[in-house]
Structures are given as structure tokens and as C-alpha cells.
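Participant: Throughout the sequence shown, residue numbering follows the numbering used here, covering 1142 to 1188 in sequence. Here it is, the structure, as C-alpha cells.
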Amino acid sequence: MKIKELTEIERLELSLKYSVSEKHKESLIKRINKLKSGQLNMFAEKE
1142 MKIKELTEIE
1152 RLELSLKYSV
1162 SEKHKESLIK
1172 RINKLKSGQL
1182 NMFAEKE
């Protein structure tokens, strides 16, 4: 059996999928977007 360690974004996206609180969902979306934009900036700097 192979176990995959989740990235921070994957973990937050799973939390978002099962979250029931709208406030919590908004917070998760903001954190996910912040991490994704940070990754895009790192990728752009490497080119």
C-alpha cells in the first residue's frame, strides 16, 4: 500500500469539501488562493 502525504493546498481543499460553516469555507478559500498565488509567483521567478 502506498501512502501519499498531502500538500498544504490538498489538505485545505479537503477541509473545504467537508466544511459546513460558511465562515470557515470563506477562510479556507482565502488561504487556498493565497497559497496558489504564492506558488505561481515562485514558478514565474524560476523562468
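C-beta: ideal position from N, C-alpha, C; glycine also. Predicted model only: the values in this text are computed from it and were never measured.
First and last residue of the alpha helix (DSSP H) that includes E1146?
Facilitator: Segment: none, E1146 is in no alpha helix (DSSP H) and carries neither H nor E.
Participant: By DSSP, does S1162 sit in helix, in strand, or in coil?
Facilitator: coil
Participant: From S1160 to I1170, what does the alpha carbon distance come to, in whole angstroms?
Facilitator: 11 Å
Participant: In whole angstroms, what is the alpha-carbon distance linking H1165 and E1154?
Facilitator: 12 Å
Participant: Taking the Cβ atom as the reference point for each residue, do I1173 and L1157 lie within a distance shorter than 8 Å?
Facilitator: yes
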